Amino acid sequence: MKSLKALFHIRETYIGIAAAIAFQVIFFSVWMTAYDGVNDRMDQLKIGLVNEDEQLGIEITNQLENQLPFQIQSYTSIENAKSIMDERQIDMIIQIPSSVTTSLASGEQAQIVYWINQSNATLVKTMMENTAVQLTNQMNQQFYPVQINEARSQFIQQLPLSEESALIVEDAVLFLLDSLDSHPLSSSIKKTNEVDGFAANFVPLMIILSSFVGAMVMIMQLELATQSIQETISKWNIFIGRQIIQVGVALLLPLLTIGLMTAFHITSQLSIPTLYLFQFILFWAFLSFAQVFVVLFGNAGMVFNILALSLQLVTSGVLVPRAVLSDWYMKVGSILPATYGADGYYTIIFGGSDTNIYENMSSLFVIIIVTLLLSIGAVFLKKQTSLNNNM
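Structure (structure tokens):
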């Protein structure tokens, strides 16, 4: 009992209990509100439409635009649509080849091509694949009766028969037509930016989670170290020393990241120097972001970092696509480093537009500059602890 009383006389005991409570309250509050109504916002997902058939393709296009519960954007060429999809601005491309009308008219099986970007959240990929299957089934139900009637009419009209004989022949033709393939349309699903191994889908999430939690713990320990020396060293010398340590660790961590990816056979679609530079900037951004709250509020700043962790997980796009989040969470995600870190790692692991990775690095660098300026301002306003004479 004596030890129990002693523990409850220490402030850190209450901080630990408060942290456990904060984790529960914050995660429940953020995750439940962020994902509330996601199904109602699935219409924010985007599909590209490329029609190369000037006859039935126009009819199919009009029906898709009216039936699909997604945003539809038409493109003039498959190359243009694929370049947009590589930038993750659309989630799937539906290509209607020029041979659709000809194939259906001749009784052959026509094909609709679906391009699905694998460099995306798992939820989106699964949803697009299901959509492709459902669309093909719906179009088959529509075009099969039309194909039968068209073939029957053309065949009967070409025969020089009496009305009675034509009816007999028509029955025979219908019998033969019933034996035809009831699925005149087939689907061809092409997965772009695909990599082997199911585990690769979780690399962006794992990198975001491990990097920010690591940054949080490191900043907390640096704050504890700072408190132990603040009476002998000036606040500016301490702050500069912390930045040197943070940059040094940020420079070393990418070597570990690259080594672990190699050990677990995770291939980078970009060059090793690009991967190194991106991970360096990402971890530095996490460190600078986590540092702001601790510099402002001391140990209590970790509560804000717990909140930031939860917000970054739900808004980064690694669990559900950002397009289906509410406007408020979309705006919050745009100022958090995890959003750009996740997008960058989708490009690194799965491939995509090269310019995308540099745009993400630029955004992360802006976050670094802003958070460092905020930290400098906080240190400037903070009262200098009285220094001992043996400083």
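The numbering used here puts the first residue of the sequence shown at 1213, with every later residue one more than the last.
We put the beta carbon where it would ideally sit given N, CA and C, even for glycine.
No experiment lies behind these values; they were computed from the predicted model shown.
Euclidean distance between Cα positions of L1373 and Q1307: Numbered from 1 along the sequence shown, position 161 holds the residue referred to as residue 1373. Numbered from 1 along the sequence shown, position 95 holds the residue referred to as residue 1307. Bear in mind that the predicted position of L1373 carries a pLDDT of just 48, short of 50, making it too unreliable to give a figure here.
Close-in-space but distant-in-sequence residues of the same chain around Q1285 (CB under 6 Å, 5 per side omitted): Stepping through the sequence shown from its first residue, residue 1285 is reached at position 73. Only G1260 meet the Cβ criterion.
Integer Cβ distance of I1545 from S1528, believed to fall under 8 Å: Here residue 1545 is taken as the residue at index 333 of the sequence shown, counted from 1. Here residue 1528 is taken as the residue at index 316 of the sequence shown, counted from 1. Here residue 1545 turns out to be Gly, not Ile, going by the sequence shown. Yes, G1545 and S1528 are in contact; Cβ-Cβ is about 7 Å, under 8 Å.
Buried/exposed call for G1460, threshold 16 Cβ in 10 Å: Counted from its first residue, the sequence shown places residue 1460 at position 248. Its Cβ having fewer than 16 others within 10 Å, G1460 is exposed.
Per-residue burial, D1248 [other beta carbons within 10 Å of its own, 16 or more giving buried]: Taking the first residue of the sequence shown as position 1, residue 1248 is located at position 36. It counts as exposed.
Residue environment, F1498, which counts as buried when at least 16 other CB atoms sit within 10 Å: Your numbering for residue 1498 matches position 286 in the sequence shown. The residue is buried, with at least 16 neighbouring Cβ atoms inside 10 Å.
Beta carbon of I1290 nearer than 8 Å to that of M1297: Numbered from 1 along the sequence shown, position 78 holds the residue referred to as residue 1290. Numbered from 1 along the sequence shown, position 85 holds the residue referred to as residue 1297. M1297 is positioned such that its CB atom lies no closer than 8 Å to that of I1290.
Rounded Cβ spacing between I1420 and G1553 (contact assumed at less than 8 Å): In the sequence shown, residue 1420 corresponds to position 208, counting from 1. In the sequence shown, residue 1553 corresponds to position 341, counting from 1. Rounded to whole angstroms, the Cβ separation of I1420 and G1553 is 5 Å, and the two are in contact under 8 Å.
Contacts around M1340, its chain only, beta-carbon distance under 6 Å, and the 5 residues preceding and following it disregarded: Within the sequence shown, numbered from 1, the residue matching residue 1340 stands at position 128. The answer, listed in chain order, is D1303, M1304, I1328.
Burial state of W1496 (16 or more Cβ within 10 Å): As a working mapping, residue 1496 is identified with position 284 in the sequence shown. Around the Cβ of W1496, a 10 Å sphere holds 16 or more other Cβ atoms; the residue is buried.
For W1496: DSSP bridge partner residues: For this step, residue 1496 is matched to residue 284 along the sequence shown. Answer is none; W1496 lacks a bridge partner.
Every unbroken beta strand (DSSP E) inside the stretch 1263 to 1318 [3 residues or more]: Within the stretch 1263 to 1318, the complete beta strand (DSSP E) runs of at least 3 residues are 1283 to 1286, 1304 to 1308.
Cβ pair M1254, V1536 closer than 8 Å: Taking the sequence shown and counting its residues from 1, one reaches residue 1254 at position 42. Taking the sequence shown and counting its residues from 1, one reaches residue 1536 at position 324. Result yes, Cβ atoms of M1254 and V1536 sit closer than 8 Å.
Reduced DSSP secondary structure (H/G/I, E/B, other) of L1421: One-based indexing of the sequence shown puts residue 1421 at position 209. L1421: helix per DSSP, three-state reduction.
Status (buried if at least 16 other CB within 10 Å, exposed otherwise) for L1388: Mapped onto the sequence shown, residue 1388 falls at position 176. Any reading at L1388 must be qualified, since the residue scores a pLDDT of 49, below 50, and its modelled position is unreliable; the value itself is stated next. With a threshold of 16 other beta carbon atoms within 10 Å, L1388 falls short and is exposed.
Span separating the alpha-carbon of V1591 from that of Q1458: Numbered from 1 along the sequence shown, position 379 holds the residue referred to as residue 1591. Numbered from 1 along the sequence shown, position 246 holds the residue referred to as residue 1458. Approximately 17 Å, taken between the alpha carbons.
Delimiting residues of the beta strand (DSSP E) encompassing V1325: As a working mapping, residue 1325 is identified with position 113 in the sequence shown. Run containing V1325: 1322 to 1329, per the beta strand (DSSP E) assignment.
With 16 other Cβ atoms within 10 Å as the buried cut-off, status of S1241: Counting from one through the sequence shown, the residue named residue 1241 turns up at place 29. By the beta-carbon neighbour count (other beta carbons within 10 angstroms, threshold 16), S1241 is exposed.
Residues that DSSP places opposite L1472 in a beta bridge: The sequence position of residue 1472 within the sequence shown is 260, counting from 1. None, per the DSSP bridge assignment.
T1338 versus M1514, V1429, I1580, L1531, residue with shortest Cα-Cα distance: The count along the sequence shown starts at 1 and reaches residue 1338 at position 126. Comparing alpha-carbon positions, the option among M1514, V1429, I1580, L1531 lying closest to T1338 turns out to be L1531.
Three-state secondary structure (DSSP) of G1260: Taking the first residue of the sequence shown as position 1, residue 1260 is located at position 48. Correct three-state label for G1260: strand.
Coarse secondary structure for K1403, derived from DSSP in three states: Position 191 of the sequence shown, counting from 1, holds the residue named residue 1403. In the structure shown, K1403 sits in a strand (DSSP, three-state: E or B).
Nearest-angstrom Cβ-Cβ length linking Y1558 and N1332, presumed shorter than 8 Å: As a position in the sequence shown, residue 1558 is number 346, starting the count at 1. As a position in the sequence shown, residue 1332 is number 120, starting the count at 1. About 7 Å separates the two Cβ atoms, so the contact holds.
Residues that DSSP places opposite S1398 in a beta bridge: Walking along the sequence shown from the start, residue 1398 turns up at place 186. DSSP lists Q1323 as partners of S1398.
Helix, strand or coil at Q1481 according to DSSP, with G and I counted as helix: The residue labelled residue 1481 in the question sits at position 269 within the sequence shown. In this structure, DSSP gives Q1481 a state outside helix and strand, which the three-state scheme calls coil.
Nearest-angstrom Cα separation, counted from N1568 out to G1556: Translated into the one-based positions of the sequence shown, residue 1556 becomes position 344. Translated into the one-based positions of the sequence shown, residue 1568 becomes position 356. Spanning the two alpha carbons is a distance of roughly 7 Å.
Extent of the continuous alpha helix (DSSP H) to which P1549 belongs: Position 337 of the sequence shown, counted from the start, is the residue given in the question as residue 1549. 1549 to 1562 is the extent of the alpha helix (DSSP H) around P1549.
C-beta contact flag for I1478 and V1425 at 8 Å: Here residue 1478 corresponds to residue number 266 of the sequence shown, with the count starting at 1. Here residue 1425 corresponds to residue number 213 of the sequence shown, with the count starting at 1. No.
When I1560, I1484, K1294 are compared against K1403, the one with the closest alpha-carbon: For the purposes of this step, residue 1403 is taken as residue 191 along the sequence shown, with counting starting at 1. If we check each option's Cα against that of K1403, K1294 comes out closest.
Spatial neighbours of Q1491 in its chain, beta-carbon cut-off 7 Å, leaving aside the 5 residues before and after: Within the sequence shown, numbered from 1, the residue matching residue 1491 stands at position 279. Same-chain partners within the cutoff: L1465, P1466, T1469.
Assigned secondary structure, K1337 (DSSP; H/G/I helix, E/B strand, else coil): Taking the first residue of the sequence shown as position 1, residue 1337 is located at position 125. Taken through DSSP and simplified to helix, strand or coil, K1337 comes out as helix.
Inter-residue CB distance, L1494 and P1533 (contact presumed, cutoff 8 Å): Residue numbering aside, residue 1494 sits at position 282 when the sequence shown is read from its first letter. Residue numbering aside, residue 1533 sits at position 321 when the sequence shown is read from its first letter. Cβ-Cβ separation between L1494 and P1533: approximately 21 Å, too far for a contact (criterion under 8 Å).
L1585 - containing alpha helix (DSSP H), residue span: Position 373 of the sequence shown, counting from 1, holds the residue named residue 1585. Segment 1566 to 1593, the alpha helix (DSSP H) holding L1585.
Contact set for I1547: own chain, Cβ-Cβ below 8 Å, skip 5 residues either direction: Start at 1 with the first residue of the sequence shown, and residue 1547 comes out as number 335. Contacts found: I1579.
E1318 versus Q1283 - alpha carbon distance: Locating residue 1318 in the sequence shown gives position 106, where the first residue counts as 1. Locating residue 1283 in the sequence shown gives position 71, where the first residue counts as 1. A small fix is needed here, since residue 1318 is Ser in this sequence, not Glu. The straight-line gap separating the alpha-carbon atoms of S1318 and Q1283 is approximately 33 Å.
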